[in-house]
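Colleague:
Numbering (the numbering used here), first residue to last: 8 to 729.
Structural data, given as structure tokens:
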């Protein structure tokens with residue numbers, strides 16, 4: 008399924024139109040309330056003028072104080088205060104100190120003491136109560152102004168009073184009190200710093216003595232005179248030599264073990280190891296064995312194997328073999344002894360290396376401990392030196408009593424009043440009143456006072472506005488009737504009620520009583536009669552008083568066919584005077600002519616809401632509507648208020664056209680919307696909404712800034728051509 012957006016709005020086009028509309032509506036609202044806003048502005052200006060005229064003149068005097076971030080050195084030069092903070096922040100801090108309650112309280116006490124010292128002082132001036140003292144402090148703080156500039160080191164101290172002399176006196180009093188407190192604060196701070204340094208020096212000195220004694224005691228117990236790199240280097244060199252010897256001993260042992268293993272393996276194979284064969288005695292025995300073997304071979308070849316010389320030679324050979332084996336065994340034993348000796352040497356060297364390593368570790372640990380003790384003593388010594396320097400500086404500052412501020416310009420009496428400021432007061436009053444008027448306009452416009460423009464009807468109710476009935480203006484009844492008639496004729500034409508054909512039933516509803524639907528219905532009936540249409544008015548609104556005229560009521564027509572036939576075929580029951588008198592809203596219009604009233608019939612309800620059950624049944628109403636269609640061209644039915652009675656939902660089932668009347672700029676939109684929702688929930692289609700009692704001049708003010716056509720021109724038009 009393909010989806011398509013209906014009525015797309017481009018953001019770049021829709022947003023400007025929306026804000027333009029909102030701005031236009033806001034301008035219209037302010038324009039409609041221009042008299043109220045102008046009245047508020049005038050009242051505010053009058054009040055401000057009265058205030059300015061009645062207010063006493065105020066005078067302000069100003070003293071300038073400069074902050075100095077350097078102080079005099081005893082040698083005569085300048086020494087920086089060494090402040091790590093921003094200068095502007097320090098100036099702001101001093102300004103806050105001037106504005107503090109402490110300074111204000113001291114100034115108040117000085118002024119009170121001066122008042123008490125006067126000969127004509129009152130008892131309250133000599134011993135003021137706490138409440139009076141607090142009130143004086145609050146007044147001083149309220150009239151005091153302290154300003155500082157971040158680009159300079161100046162503080163401006165101003166005071167406002169009823170006389171120039173008093174303002175200058177109190178401003179200078181604040182400056183002097185600030186300087187006195189600042190000097191006392193600096194001196195007291197220096198004295199406290201000196202006392203703190205003295206206490207810290209005493210504590211640090213005792214700690215230093217304890218640290219030095221601990222280092223000396225440890226030096227004596229460990230036998231270390233001083234820590235240094237030479238002793239550690241000698242120990243490390245000795246450790247390296249022992250390590251080299253241990254490595255050489257291990258290598259010698261491994262070589263001896265390898266030699267013994269090779270010799271044993273060669274002997275097991277029947278051979279003589281090469282290193283043993285290289286021995287002189289072994290070589291001689293080998294030569295003797297070889298000579299005996301050659302001799303046995305020679306004799307055996309010459310004399311035979313059993314010859315005594317051969318046997319003797321064999322004996323000599325065996326003896327040489329035995330001596331050789333004995334020497335080889337002795338050589339193997341010697342090699343084994345060499346292996347054992349190499350192991351002993353290796354073990355001795357390793358033991359010496361372990362001992363040297365332990366000695367080195369122990370020595371290094373003692374040196375580290377001694378260095379820690381010496382470092383602590385050095386740190387305490389350095390701290391003691393710093394504290395001594397700070398103590399000397401604090402004592403010098405305490406004796407010098409430095410002041411970091413000075414008065415650059417004392418306050419002088421200013422004969423030109425600084426208040427009240429007439430222009431500013433009037434401007435603020437006017438702007439405030441205009442803003443208040445705008446706020447009141449917004450609040451008044453936010454109220455739900457009903458429909459003000461016909462474009463508001465459709466979005467709120469879902470039905471279009473088919474007409475606006477102007478309110479009857481005082482004056483000529485003929486002109487009023489003409490104005491109403493032309494508006495109603497337009498409504499009749501839009502709903503095709505004057506066309507020939509089948510009869511039409513029109514139901515007129517409203518959300519609440521007194522919405523003007525009776526006036527609309529009767530005026531519409533007279534217009535239709537003037538157009539030659541036969542009209543029946545069915546007034547279904549309940550009555551609180553019993554009708555004593557004896558006329559046939561709506562309940563009678565619905566209940567009995569004979570009464571219905573007599574009323575529908577017999578014609579009117581009401582005279583023109585009675586038609587006008589039955590509704591107070593119709594008394595201001597011209598009464599209908601006698602010839603016109605014969606085409607107009609009226610059925611009025613006799614009972615109240617409790618009689619609606621048996622009277623308003625669908626079956627009986629259907630018969631009434633059917634017979635009325637055959638006797639009249641238009642049937643106008645006036646229903647009770649929708650939100651108060653359910654009769655409108657029943658009557659709407661037989662109506663061809665349903666109209667809804669709402670009082671212009673009176674009935675809330677939410678009320679009309681609730682009534683329309685009730686009709687829609689009952690499957691009733693409302694064909695249009697009629698706004699009644701419309702003030703056309705006010706209506707035009709909701710649409711544009713232009714002045715509406717004057718009522719005199721409209722009345723003249725109808726008077727000339729009607």
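Don't be surprised by glycine CBs; every beta carbon is placed ideally from N, CA and C.
Is DSSP giving residue 709 helix, strand or coil here?
Modeller: Locating residue 709 in the chain shown gives position 702, where the first residue counts as 1. Residue 709 falls in the coil class under three-state DSSP.
Colleague: Quick check: is the beta carbon of residue 330 nearer than 8 Å to any beta carbon in chain D?
Modeller: Here there is only one protein chain, and chain D is not present.
Colleague: Does the count of Cβ pairs from the stretch 462-472 and the stretch 689-697 closer than 8 Å reach three?
Modeller: At 8 Å Cβ cutoff, the stretches touch.
Colleague: Which same chain residues end up closer than 6 Å to residue 219 when comparing Cβ atoms and leaving out the 5 residues on each side of it in sequence?
Modeller: The sequence position of residue 219 within the chain shown is 212, counting from 1. For residue 219, where only same-chain residues beyond five positions count, the Cβ hits under 6 Å are 384.
Colleague: Per DSSP, residue 119 is paired with what?
Modeller: In the chain shown, residue 119 corresponds to position 112, counting from 1. BP columns for residue 119 are empty, so no partner.
Colleague: How long is the line joining the alpha carbons of residue 262 and residue 334, rounded to whole angstroms?
Modeller: By 1-based counting over the chain shown, the position of residue 262 is 255. By 1-based counting over the chain shown, the position of residue 334 is 327. Distance between the alpha carbons of residue 262 and residue 334: 22 Å.
Colleague: I need the straight-line Cα distance from residue 177 to residue 708, nearest angstrom please.
Modeller: On the chain shown, position 170 is the one that residue 177 refers to. On the chain shown, position 701 is the one that residue 708 refers to. Rounded to the nearest angstrom, the two C-alpha atoms are 60 Å apart.
Colleague: Across which residues does DSSP place residue 65 in a beta bridge pair?
Modeller: By 1-based counting over the chain shown, the position of residue 65 is 58. Note: residue 65 sits in a beta bridge opposite 426.
Colleague: Less than 8 Å between the C-beta atoms of residue 357 and residue 270, yes or no?
Modeller: The residue labelled residue 357 in the question sits at position 350 within the chain shown. The residue labelled residue 270 in the question sits at position 263 within the chain shown. Contact flag unset, no.
Colleague: Check residue 529 in the structure and name its three-state DSSP category.
Modeller: Translated into positions along the chain shown, residue 529 becomes position 522. In this structure, residue 529 counts as helix in the three-state DSSP scheme.
Colleague: I need the boundaries of the beta strand (DSSP E) containing residue 699, first residue and last residue.
Modeller: On the chain shown, position 692 is the one that residue 699 refers to. Per DSSP, residue 699 belongs to the beta strand (DSSP E) from 695-701.
Colleague: My understanding is that residue 144 touches residue 155, with C-beta atoms under 8 Å, so please give their C-beta distance in whole angstroms.
Modeller: To locate residue 144, count along the chain shown from 1; it is residue 137. To locate residue 155, count along the chain shown from 1; it is residue 148. With 8 Å as the limit, residue 144 and residue 155 do not qualify as a contact, their Cβ atoms being about 22 Å apart.
Colleague: In whole angstroms, what separates the C-alpha of residue 118 from that of residue 169?
Modeller: For the purposes of this step, residue 118 is identified with residue 111 of the chain shown, where counting begins at 1. For the purposes of this step, residue 169 is identified with residue 162 of the chain shown, where counting begins at 1. Each residue's alpha carbon lies about 16 Å from the other.
Colleague: Give me the residue from 663, 330, 319 with the minimum Cα distance to residue 509.
Modeller: Along the chain shown, read from residue 1 onward, the residue named residue 509 stands at position 502. The shortest Cα separation from residue 509 among 663, 330, 319 belongs to 663.
Colleague: Kindly indicate which three-state DSSP category residue 80 falls into: helix, strand or coil?
Modeller: Counting from one through the chain shown, the residue named residue 80 turns up at place 73. Confidence at residue 80 is low in this model, with a pLDDT of 43, below 50, so the placement of that residue should be treated as unreliable; the coordinate-derived value is given next. Residue state, collapsed to three classes: coil.
Colleague: List the DSSP bridge partners of residue 515.
Modeller: As a working mapping, residue 515 is identified with position 508 in the chain shown. 645, 666.
Colleague: Of the residues 258, 150, 201, 67, which one's Cα is nearest the Cα of residue 172?
Modeller: Indexing the chain shown from 1 puts residue 172 at position 165. Comparing Cα-Cα distances from residue 172 to each of 258, 150, 201, 67, the minimum goes to 67.
Colleague: Skipping 5 residues on each side, what residues in its chain have a beta carbon closer than 7 Å to that of residue 225?
Modeller: Walking along the chain shown from the start, residue 225 turns up at place 218. The residues are 376, 377, 380.
Colleague: Please give the ranges of any beta strand (DSSP E) in the stretch 260-322, keeping only runs that are unbroken, at least 3 residues long and fully inside the region.
Modeller: Counting whole runs of 3 or more residues, the stretch 260-322 contains no beta strand (DSSP E) stretch at all.
Colleague: Should residue 398 be labelled buried (16 or more other beta-carbon atoms within 10 Å of its own) or exposed?
Modeller: As a working mapping, residue 398 is identified with position 391 in the chain shown. Residue 398 comes out buried.
Colleague: Span of the alpha helix (DSSP H) holding residue 683?
Modeller: Counting from one through the chain shown, the residue named residue 683 turns up at place 676. Residues 676-688.
Colleague: Please classify residue 26 as buried or exposed, where buried requires at least 16 other C-beta atoms within 10 Å of its C-beta.
Modeller: As a position in the chain shown, residue 26 is number 19, starting the count at 1. By the neighbour-count rule (16 or more Cβ atoms within 10 Å), residue 26 is not buried but exposed.
Colleague: In angstroms, rounded to a whole number, what distance separates the CA positions of residue 675 and residue 153?
Modeller: Taking the first residue of the chain shown as position 1, residue 675 is located at position 668. Taking the first residue of the chain shown as position 1, residue 153 is located at position 146. Taking the straight line from one Cα to the other gives about 56 Å.
Colleague: Which residue marks the beginning of the beta strand (DSSP E) containing residue 477, and which one marks its end?
Modeller: The residue given as residue 477 occupies position 470 in the chain shown. Run containing residue 477: 472-477, per the beta strand (DSSP E) assignment.
Colleague: DSSP three-state call for residue 165: helix, strand or coil?
Modeller: By one-based count along the chain shown, residue 165 stands at place 158. It is a strand residue.
Colleague: Between residue 561 and residue 642, is the Cβ-Cβ spacing less than 8 Å?
Modeller: For the purposes of this step, residue 561 is taken as residue 554 along the chain shown, with counting starting at 1. For the purposes of this step, residue 642 is taken as residue 635 along the chain shown, with counting starting at 1. Cβ atoms of residue 561 and residue 642: not closer than 8 Å.
Colleague: Just to confirm the assignment, what range does the alpha helix (DSSP H) spanning residue 608 have?
Modeller: Within the chain shown, the letter at position 601 stands for residue 608. Segment 607-611 is the beta strand (DSSP E) holding residue 608; no alpha helix (DSSP H) there.
Colleague: Roughly how many whole angstroms lie between the Cα atoms of residue 201 and residue 191?
Modeller: Position 194 of the chain shown, counted from the start, is the residue given in the question as residue 201. Position 184 of the chain shown, counted from the start, is the residue given in the question as residue 191. The alpha-carbon atoms of residue 201 and residue 191 are separated by roughly 15 Å.
Colleague: Can you tell me whether residue 57 is helix, strand or coil according to DSSP?
Modeller: Taking the chain shown and counting its residues from 1, one reaches residue 57 at position 50. Of the three classes helix, strand and coil, the one that applies to residue 57 here is helix, per DSSP.
Colleague: Decide if residue 640 is buried, meaning its Cβ has at least 16 other Cβ atoms within 10 Å, or exposed.
Modeller: The residue given as residue 640 occupies position 633 in the chain shown. Per the 10 Å Cβ criterion, buried.
Colleague: How would you label residue 517, buried or exposed, when you count the other beta carbons within 10 angstroms and need 16 or more for buried?
Modeller: On the chain shown, position 510 is the one that residue 517 refers to. Answer is buried; the Cβ neighbour count reaches 16.
Colleague: Going straight from the alpha carbon of residue 248 to that of residue 369, what length do you get?
Modeller: Numbered from 1 along the chain shown, position 241 holds the residue referred to as residue 248. Numbered from 1 along the chain shown, position 362 holds the residue referred to as residue 369. Roughly 19 Å separates the two Cα atoms.
Colleague: Can you give the Cα-Cα distance for residue 737 and residue 498, rounded to whole angstroms?
Modeller: Coverage of the chain is limited to positions 8 through 729, which leaves residue 737 absent and any answer about it impossible.
Colleague: Cα separation between residue 24 and residue 33?
Modeller: Position 17 of the chain shown, counting from 1, holds the residue named residue 24. Position 26 of the chain shown, counting from 1, holds the residue named residue 33. Straight-line Cα distance between these residues: approximately 14 Å.
Colleague: Determine the burial state of residue 82: buried for a count of at least 16 other Cβ atoms within 10 Å of its Cβ, exposed for fewer.
Modeller: Within the chain shown, residue 82 is the residue found at index 75, counting from 1. Model confidence at residue 82 stands at a pLDDT of 38, short of 50, so the residue's coordinates are unreliable and nothing is read from them.
Colleague: Should residue 167 be labelled buried (16 or more other beta-carbon atoms within 10 Å of its own) or exposed?
Modeller: Taking the first residue of the chain shown as position 1, residue 167 is located at position 160. Residue 167 should be labelled buried.
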